[in-house]
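Enquirer: Just dropping this structure here.
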Amino acid sequence: MCTGHGMKTRFIIALMLFTLAAVAVVMHLRVGMPENEEQRGVVLSASTSTPLRLARVLADAERGVASALESIPLDNTWQSMGEADIRAESDGLHVVSTVEPVWLERDVSIEARGHVAMRVRMRVERGGVCRLRWAGALAPNLDAEPGVSARILADGAFHTYDLRLNNVERRTWVGRMERIAFQPSDEPGAVTIEALHFVPPEHPVPARITLGGRTHEALFGTQPAWSFAVPAQGVFEVQLGMDRYAWEGDAAGRARFRAALISGSGSESTLVDKTLAPKDNESDRLWRRFQADLAPYAGQEVQIVLDVDPLGSTVGDYAYWGAPLVFQRGRTDAAPVIIVSWDTVRASQLSCYGYERATTPHLDRWTEECVVFDAAISEETYTLPSHMSMLTGLYPKNHGTTADANLAESVLTLAEALSAQGYLTAGFMSFTWWLMPWRGFAQGFDCYDLPDTMVRDVWSTQRLACDWLDHHRASNFFLLVHNFDAHAKPVETVNDLPYGPHDPAFLHFANDFANPPTFRRFGDDGPRAEGILAAANRGEVELTDEEVAYCVALYDDCIRMIDRATFELIDDLKARGLYDNALIIVTADHGEEFGEHDWFGHGTVYEGCCRVPLIVKFPGRRFAGQRYAAPVQLCDLYPTVLDVLGVPAPEGLDGRSLLALLDTRAEPHPFAYSRRLHYRAVRTQDWKYIHSGRDRSNGLLFDLGADPHERSNVYADKPSALQRLQDAYAKHHTPLETGWHLLYRAAGQKTEGRVLLSTEDRFHRPVFDVGDRIGVVKAQYGSREVVLDLDVMDYGEHMTLATASGDARVFLRLDSGAGIDVWCGPDLAENRTHHQVLLDPANAVLRDPPSVDAEGVARPTLIIWHVPPERAGSAAPDIPEEAREALEALGYLNDGA
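With positions in the sequence shown counted from 1, the corresponding number in the numbering used here is that position plus 28.
Here is the structure:
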């Protein structure tokens, strides 16, 4: 089957310790049933269609049960840890501390599986942060849990705060909590707590747990009996795993997992009986896969019971059942769906797209059985949003996923849509940070796998994909396979060269250089590998023509290697008898430039970056040998897959089915769009308009038919073509509409001062609207703080600023040398030199702009309102220093990627 080359020793580096290596990744905080005997009597039924997934059965069952806030009494049972006066009165709990911040403790009985936040309404005089910790059977010491926190506003008024009980970095909120400790402020002072509740999830979804780079939907502890009819050739599969709490500190470090099948006659058979001891056995710190043949029970109604024995101590035994499912082996009429993503590959560098070097000899032959799309355009020339467009069918502005914001759970991904149609789903990726599961990429996948280093080679990734196929011998599967080999290299690889295959055996075009450049002329302390390209973009070094040519040759060798690897994957599908009926898509997320427009890498929207290969083999080789010239986009893949399978696409997709385009059921896209940083582009088959918000020039217009390399700007010469593209630009590339709007009018006065905005969530980068210009603001900003200088606000007077989750509050503080009127919805704070306010998107009065004549104000005025988003995601975690350095070296983050 699949072969491998240059297998490396797997090792864990500091970057991955942040989120992988037994880190629990959680989306919307859904956990399993508690470990107690009461649950054994509960029977959950599933439909007879396969695959059957227990985690989703439980989530579906919870969606049908109305959940209410669980109130915690504010009575005299609260105890203070420290010097404080506590009084329970009719209007709430009054706490006064004078020496140090106070911790309040009390016993509770809270099931973590049913709650996502603790909500407190209180009034605080001093401080900036409140904190919550908890203890239970798994973590009996309150100090053992890192706890959670939220920003507070100490203005003497009542405000409501939500302390989210989990985050994407690590799972802690599981099991039953028996005691809580709450610190209402990080400074001493007077506090009045009016109400305290635990909040249920609005839309329960399965938890997703990542161990050692592999993510599965997971359940915690002992589960209720699961009842279903066994399909023919049925197989029960489950992954066993334990969180790193199980081998850290004083944890017990052992648990016994037992899965038993109870037949219709009442007889019991053991399917799995395995003890994991991760404290003693490092292999038990990863997911352990187990399968059991259910063929002897075909057609019978059975129950499966999943039980965990903590073996004497529950401390630290965070025991997870990963992706418990029943699937059916064997062939069906379902078409296998395979998407192969070549990261950082430009279409013009493939010989099947006319390149002079034979970079893709295998694809050249394969295209005779496929359709080649000559003008496939990446929506954003950046790994994260472009892949998310493939998997959601949405433009980046509509799926909303950025470096700061994760995909909303309400977005139906391609993997989820195919799961609902009875498909097994698996994704195997070759790069980590931008493709982390908590960004939303794992939604709908039974198995989502990342390397435990920053990158891995194509052969290693494909080997894992083929192993998954070996264990799931069926045709109803969706397989996503990603490679990263053509991307510029991290410093630790490829002899410090900017590009190149991981194995010198794959050098081909680079061998034509008798004395190839070594790039050592920059000195021992100079830039290396991808850092050379970043230094060239900053103007710190200048590459010679020979060095650029050698970079291109190394890049071409990577493509030639990927071509061979992809051929081996296709050949593997043929050997399994899966090829003829399969839908196979080979594409790329974005391309690469080699200084053609004074830039190396993929920080622009020129053709080298935004035009990508797209080759599709339809089931039965339909439309074989055709080429399609009109522009298409990566968001078209989602509706294409569903159309091929005869499944209606969800409403609201931006993409169009390529199948419908080919059989003329749909008209071609009139325009294709791309963006990156401050660049925006609109493209037709023959024309392309590029606009940059960073400069105030008139933009760029290229006649692609006459000038495919975009060297001659005809902006001033083609007014009719320009107007059509500018109209499309204005319609598509509008400023961010949802989020917080800040409209400032200086009233002809120059004001010195600043506006500070902060949030416990994360901000998208702020955007100013000046005429038709969208660009980078002159403001200091970080992941949770934005500072605006009022004396430069004439650079842009209308700003939109969104938080990642969409429903997070924003703290605003104004400090000015002169009086400013501040409108928050209908409320006016008049002539303020200092002002602070908590902006809450739940406050309906902020949802409409105030009725103020902004052009006729007599003094400087700041007007604030909020437009809620259609869908809300979640905030991405802070990038750890090790990852930040690596990503900056790869060309990201330097300009707000």
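C-beta atoms are modelled at their ideal positions from N, C-alpha and C, and glycine is treated no differently. Model, not experiment: these values are computed from the prediction.
#1: How long is the line joining the alpha carbons of Arg693 and Pro676, rounded to whole angstroms?
#2: I'd like to confirm the pairing. Which residues does DSSP put opposite Ser297 in its beta bridges?
#3: Can you give the Cα-Cα distance for Ile612 and Pro79, rounded to whole angstroms?
#4: I need the boundaries of the alpha helix (DSSP H) containing Arg91, first residue and last residue.
#5: Any idea what DSSP makes of Glu765, helix, strand or coil?
#6: What is the C-beta distance between Cys158 and Pro212, in whole angstroms, given that I count them as a contact (C-beta under 8 Å)?
#7: Are the region 256-270 and the region 315-327 touching, with three or more C-beta to C-beta distances below 8 Å?
#8: Pick from Leu673, Val783, Gln661, Ser414: whose alpha carbon is nearest that of Gly683?
#9: Put Pro62 into one of helix, strand or coil per three-state DSSP.
#10: By DSSP, does Lys778 sit in helix, in strand, or in coil?
#11: To the nearest angstrom, how far is the alpha carbon of Arg752 from that of Val439?
#12: Below 8 Å between beta carbons: does that hold for Phe285 and Leu268?
#13: Give the range of the beta strand (DSSP E) segment to which Phe186 is assigned.
#14: Between which two residues does the alpha helix (DSSP H) carrying Val814 extend?
#15: Around the C-beta of His510, are 16 or more other C-beta atoms found within 10 angstroms, so that it is buried, or is it exposed?
#16: On a Cα-Cα basis, can you pick out the residue from Ala443, Leu160, Arg161, Ala223 that is closest to Asp103?
#17: Let's see if you can read the secondary structure: which residues bound the alpha helix (DSSP H) around Phe595?
#18: Please list the terminal residues of the continuous alpha helix (DSSP H) segment that includes Ser417.
#19: Taking the alpha carbon of Asp626 as the point to measure from, which residue in Ala403, Glu329, Val569, Arg484 has its own alpha carbon closest?
#20: Rounded to the nearest angstrom, what separates Leu525 and Phe547 at their Cα positions?
#21: For Glu65, which residues of its own chain have a beta-carbon under 6 Å away from its beta-carbon, when the five flanking residues on both sides are left out?
#22: For Leu239, which residues from the same chain have a beta carbon less than 6 Å from its beta carbon, with the 5 sequence-adjacent residues on both sides left out?
#23: Using only alpha-carbon positions, find the residue among Asp540, Asn609, Gly554 that is nearest to Ala577.
#24: With a threshold of 8 Å between beta carbons, is Ile405 in contact with chain D?
#25: Go through the region 624-669 residue by residue and report every complete run of the alpha helix (DSSP H) that reaches 4 residues or more, in order.
#26: Please check the pair His21 and Ala658, which I expect to be a contact at CB under 8 Å, by giving their CB distance rounded to whole angstroms.
#27: Do the CB positions of Arg161 and Ala209 come within less than 8 Å of each other?
#28: Who are the Cβ neighbours of Thr395 in its own chain at under 8 Å, not counting the five residues just before and after it?
#29: Could you tell me if Val486 is buried or exposed, where buried requires 16 or more neighbouring beta carbons within 10 angstroms of its beta carbon?
#30: Closer than 6 Å by C-beta to Leu770: which residues in its own chain qualify, once you throw out the five before and the five after it? Chain order, please.
#31: Considering only residues of the same chain and omitting the five flanking positions on each side of Ser125, which have a CB-CB separation below 6 Å?
#32: Cβ of Thr188 within 8 Å of Cβ of Arg149?
#33: For Asp691 and Val672, what's the separation of their Cα atoms in angstroms?
#34: Which two residues bound the contiguous beta strand (DSSP E) that contains His863?
#35: So what does Asn434 bridge to, in DSSP terms?
#36: Assuming Tyr583 contacts Tyr666 (C-beta within less than 8 Å), just tell me the rounded distance between them.
Expert: According to the structure data:
#1: Take the alpha-carbon of Arg693 and the one of Pro676: they are about 14 Å apart.
#2: Partner(s): Leu289.
#3: In this structure, the straight-line span from the alpha carbon of Ile612 to that of Pro79 is close to 22 Å.
#4: Note, Arg91: alpha helix (DSSP H), 82-91.
#5: Look at Glu765 here: in three-state DSSP terms it is coil, with no helix or strand label.
#6: Their Cβ separation, rounded to whole angstroms, is 5 Å, which keeps Cys158 and Pro212 in contact under 8 Å.
#7: Taking a cut-off of 8 Å on C-beta distances, the region 256-270 touches the region 315-327, as three or more cross pairs fall below it.
#8: Nearest option by C-alpha distance: Gln661.
#9: Residue confidence for Pro62 is low, a pLDDT of 32 falling below 50, so the modelled location carries little weight and cannot support an answer.
#10: Under the three-state reduction of DSSP, Lys778 is assigned to coil, being neither helix nor strand.
#11: Approximately 32 Å, taken between the alpha carbons.
#12: Yes, these two residues count as a Cβ contact at 8 Å.
#13: Element bounds for Phe186: 186-192.
#14: Residue range 813-817 is occupied by the beta strand (DSSP E) that includes Val814, with no alpha helix (DSSP H) assigned at that position.
#15: By the 10 Å Cβ count, His510 comes out buried.
#16: Ranking Ala443, Leu160, Arg161, Ala223 by Cα distance to Asp103 puts Ala223 first.
#17: Start and end: 573-603.
#18: Ser417 -> alpha helix (DSSP H) spans 411-420.
#19: Comparing Cα-Cα distances from Asp626 to each of Ala403, Glu329, Val569, Arg484, the minimum goes to Val569.
#20: Cα to Cα, the separation comes out at about 7 Å.
#21: Reliability of the predicted coordinates at Glu65 is poor, the pLDDT of 34 falling under 50, and the value obtained from them is presented with this limitation in mind. Within the same chain, and ignoring the five residues on either side of Glu65 in sequence, no residue has its Cβ closer than 6 Å to its Cβ.
#22: For Leu239, where only same-chain residues beyond five positions count, the Cβ hits under 6 Å are Ala50, Gly269, Leu314, Trp315.
#23: That would be Asp540, whose Cα lies nearest to the Cα of Ala577.
#24: No chain D appears in the structure shown, which is made up of a single protein chain.
#25: Complete alpha helix (DSSP H) runs here, min 4: 635-638.
#26: The structure shown does not extend to residue 21, since the chain is modelled only from 29 through 925, so no value can be given for it.
#27: Contact flag set, yes.
#28: By the criterion of a C-beta distance shorter than 8 Å, Thr395 is surrounded in its chain by Cys380, Ile643, Gly653, once the five residues flanking it on both sides are discounted.
#29: Label assigned to Val486: buried.
#30: Setting aside the 5 residues that flank it on each side, Leu770 is surrounded in the same chain by Met827, Ile892, each with a C-beta closer than 6 Å to its C-beta; the list follows chain order.
#31: Closer than 6 Å at the Cβ level, and outside the excluded window around Ser125, lie Ala112, Pro216.
#32: Their beta carbons are under 8 Å apart, which means Thr188 touches Arg149 by this criterion.
#33: Straight-line measurement puts the Cα of Val672 at about 12 Å from the Cα of Asp691.
#34: Run containing His863: 855-867, per the beta strand (DSSP E) assignment.
#35: Looking at the DSSP assignment, Asn434 forms a beta bridge with Ser902.
#36: So it is not a contact: roughly 29 Å between Cβ atoms.
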